[in-house]
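A.B. asks:
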Amino acid sequence: MNASFLVDGAAVWPVLVPLAAAAITLLLRYHETVQRSVMEAAVLLMLASSVLLLGRVISFDTVSVAFGGWGAPFGITFVADRLGALGSVAVGTAALAVAVFARADIRSRRRRAGFDPMFLAMLAAVNGAFLTGDLFNLYVWFELMLIAAVGLITLDRRAAQLDGAVRYATLSILGASFILLGIGLLYAETGTLDLVRMASEVAGRPPTVARTAAAFLLLAGFALKTGLFPLFFWLPSSYHTAPTSVSAALAGLLTKVAFYASLRVFVSVFGLVDGIAVPGLATALALVAAATMLVGVLAANAQTDIRRVFAYQVTGQVGYLAAGLSIASLAGIAAAIYYMVHTLLLQTGLFLGEGAIARATGSHDLRRAGGLMRLRPRFAALYAVLLLSLAGVPPFSGFWSKFMVIDAAFRGGSTIIALIALAASFLTLYGMSNLWTQVFWKTPPERKRAVRPIPPAMLAALTILAACTIGMGLFVEPVTRFARHAAAQVTPGTERVPSMPPPAAEAP
50 MNASFLVDGA AVWPVLVPLA AAAITLLLRY HETVQRSVME AAVLLMLASS
100 VLLLGRVISF DTVSVAFGGW GAPFGITFVA DRLGALGSVA VGTAALAVAV
150 FARADIRSRR RRAGFDPMFL AMLAAVNGAF LTGDLFNLYV WFELMLIAAV
200 GLITLDRRAA QLDGAVRYAT LSILGASFIL LGIGLLYAET GTLDLVRMAS
250 EVAGRPPTVA RTAAAFLLLA GFALKTGLFP LFFWLPSSYH TAPTSVSAAL
300 AGLLTKVAFY ASLRVFVSVF GLVDGIAVPG LATALALVAA ATMLVGVLAA
350 NAQTDIRRVF AYQVTGQVGY LAAGLSIASL AGIAAAIYYM VHTLLLQTGL
400 FLGEGAIARA TGSHDLRRAG GLMRLRPRFA ALYAVLLLSL AGVPPFSGFW
450 SKFMVIDAAF RGGSTIIALI ALAASFLTLY GMSNLWTQVF WKTPPERKRA
500 VRPIPPAMLA ALTILAACTI GMGLFVEPVT RFARHAAAQV TPGTERVPSM
550 PPPAAEAP
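Residues in the sequence shown are numbered consecutively from 50, following the working numbering.
#1: Which runs of the alpha helix (DSSP H) at least 4 residues long sit entirely within the region 315 to 374? Give them in chain order.
#2: Near Phe315, which residues of its chain fall below 6 angstroms by C-beta distance, leaving aside the five closest residues on each side in sequence?
#3: Comparing alpha-carbon positions, which option in Val367, Ala516 and Leu343 lies nearest Gly309?
#4: Could you please give the first and the last residue of the uninterrupted alpha helix (DSSP H) stretch that includes Phe452?
#5: To the nearest angstrom, how far is it from the Cα of Ala338 to the Cα of Ile469?
#6: Cα-Cα, which of Leu267, Ser296, Ala298 and Arg356 is closest to Arg313?
#7: Scan the region 260 to 324 and note each continuous alpha helix (DSSP H) run of 4 residues or more that stays entirely inside, going in chain order.
#8: Nearest by alpha-carbon distance to Ser446: which of Ile406, His391 and Ser463 is it?
#9: Pick from Ala129, Pro541 and Arg425: whose alpha carbon is nearest that of Ala60?
#10: Can you tell me the Cα-Cα spacing of Thr261 and Leu230, whole angstroms?
#11: Could you tell me if Gly419 is buried or exposed, where buried requires 16 or more neighbouring beta carbons within 10 angstroms of its beta carbon?
#12: Cα separation between Glu403 and Val258?
#13: Between the alpha carbons of Ala178 and Ile465, how many angstroms are there, rounded?
#14: Which partner residues of Ile125 appear in the DSSP bridge assignment?
#15: Just verifying my parser: in three-state terms, what is the DSSP assignment at Asp243?
#16: Using the Cα positions of Leu93 and Glu495, report the straight-line distance between them to the nearest angstrom.
#17: Just mark Arg530 as buried or exposed, buried being the case when its beta carbon has 16 or more other beta carbons within 10 Å.
#18: For Arg356, is the classification buried or exposed, using 16 other Cβ atoms within 10 angstroms of its Cβ as the cut-off for buried?
#19: Between the alpha carbons of Thr397 and Thr275, how many angstroms are there, rounded?
#20: Keeping to the same chain, check which residues put their C-beta closer than 7 angstroms to that of Gly327; ignore five residues upstream and five downstream.
#21: Give me the DSSP bridge partner(s) of Asp165.
#22: Where do the N-terminal and C-terminal ends of the alpha helix (DSSP H) with His391 fall, by residue?
#23: In this structure, how does DSSP classify Asp205 when only helix, strand and coil are distinguished?
#24: Since Tyr432 is in the alpha helix (DSSP H), which residue starts that stretch and which ends it?
#25: Pull up the DSSP beta-bridge partners for Thr540, would you.
#26: Ala457 and Ala384: beta carbons closer than 7 angstroms?
#27: Would you check if the distance between the CB atom of Lys451 and the CB atom of Gly441 is smaller than 7 angstroms?
#28: Who does Thr181 pair with in a DSSP beta bridge?
#29: Do you know how far the Cα of Ala349 is from the Cα of Ser474?
#30: Which value, in whole angstroms, describes the spacing of the CA atoms of Ala532 and Leu132?
#31: Within this structure, are the beta carbons of Ile202 and Ala146 separated by less than 7 angstroms?
#32: Mind checking who Asp414 pairs with in its DSSP beta bridge?
#33: Suppose the cutoff is 6 angstroms on Cβ atoms and the five residues either side in sequence are ignored; what does the same chain contact list for Val528 look like?
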């Protein structure tokens, strides 16, 4: 392996590191302590490589690497721009929090069942989806995510987990089928699977029947994987059955990477912002976004199981992402990018915090919780940050993410979307106020045992993610500036002239 590949091939390291570590941890199945150490070291190294990649992208706009001696469109290519590199850093941060939390949540039996290699394989697949330059390889990474996710959901081999895994696998395979059909039609139309070349083939051309059918097939597939209305009811039935560390990783990462794919395909390839490639696509996105925001938050507010509260909130928050996309403007795309990073980190933290509540109270039921403000004040303070951010209270990142989407909607003439987003925000505020009252303020019910301590590892994981939502809120200007630049970079015809990029590295 030549020296230039180590630097110019930065686009592939966030994938290679966890993939190689997954193989190593699989061999260390019966050495749990060493296995855990390798997993944690790999997550740290993956995050470091993602940060390095982000720095390279800031300097050169894009970083690419090709494998097998073939360049695009025939070789396997990884291409990192600002959007992909930012997503990879967010994935690494969330993965670090999950790895820390897992110290207290994942015991020997679950490690022997394969938590570490499957978790690392899932991270490799998520980063692969963020960094691939090929549409078919994007589909391949989705399938690797599915395999790893099903294994993680069924770690304990309980009947409820098997039922949840069957639901998850069935609907994911259906979504993948739609995606594969859409890819096939696009390939027939453009003669390439390379995303950049595909975009250039489509740009400026009037819509065709094949391209329109491909767009709506891809929309159906991505809607299933992101959890957009009306295709999201399977998701809350799957996530809440898994161990807390797994639920947090699935909720934080998988729906967001599916949205990233939607953004990349609909904006870069189909030209959503210029409205030429596929008429009616923005309208369809607006309809499903509005329904997802409202139905998601209403369903969440009706739950008494805290896991299901946040499972429905996952879908409701995806509605805001689709709303930003449906506005079909640079401001809307930038808002969606900021919101994607915010909710990726926040949803991970909310599920991890729910696991800490269950550890303390022995139950996932709101009706059996209470009194944690007095009994566990440090945890209450950390979780308050996450709940306030979800509710959209300033100065946390949740406020700015909702503000950006609503502002872009008003400016773009999507007044109904803006009003629905506002209504959903107030309903979320109501729901989180009720949850806070039930879990932290109300007098605890009579319990057979005392409230248990919350392990330091769980508090440390929540501290990482609470710091992220505070940081994104306090330093909103540089983050939004980066999001605007990323939006311009993925929108055809709007990117600025890049600096001289390094030549694409070639793996031997």
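For glycine and all other residues, C-beta sits at the position ideal for the given N, C-alpha and C.
C.D. replies: Quick answer:
#1: 330 to 350
#2: Leu321
#3: Sequence inspection shows Tyr at residue 309; the Gly mentioned does not correspond to that position. For the residues Val367, Ala516 and Leu343, the minimum Cα distance to Tyr309 belongs to Val367.
#4: Ser446 to Arg460
#5: 9 angstroms
#6: Leu267
#7: 285 to 288, 293 to 298 and 304 to 312
#8: His391
#9: Ala129
#10: 12 angstroms
#11: buried
#12: 47 angstroms
#13: 33 angstroms
#14: Phe116
#15: strand
#16: 43 angstroms
#17: exposed
#18: buried
#19: 15 angstroms
#20: First, the amino acid is wrong: residue 327 is Val here, not Gly. Only Pro256, Arg260, Thr261, Ala264 and Phe319 meet the Cβ criterion.
#21: Its beta-bridge partners do not exist; DSSP assigns none.
#22: Leu379 to Thr410
#23: coil
#24: Pro426 to Ala440
#25: BP columns for Thr540 are empty, so no partner.
#26: yes
#27: yes
#28: Phe127
#29: 13 angstroms
#30: 8 angstroms
#31: no
#32: Asp354
#33: Met521
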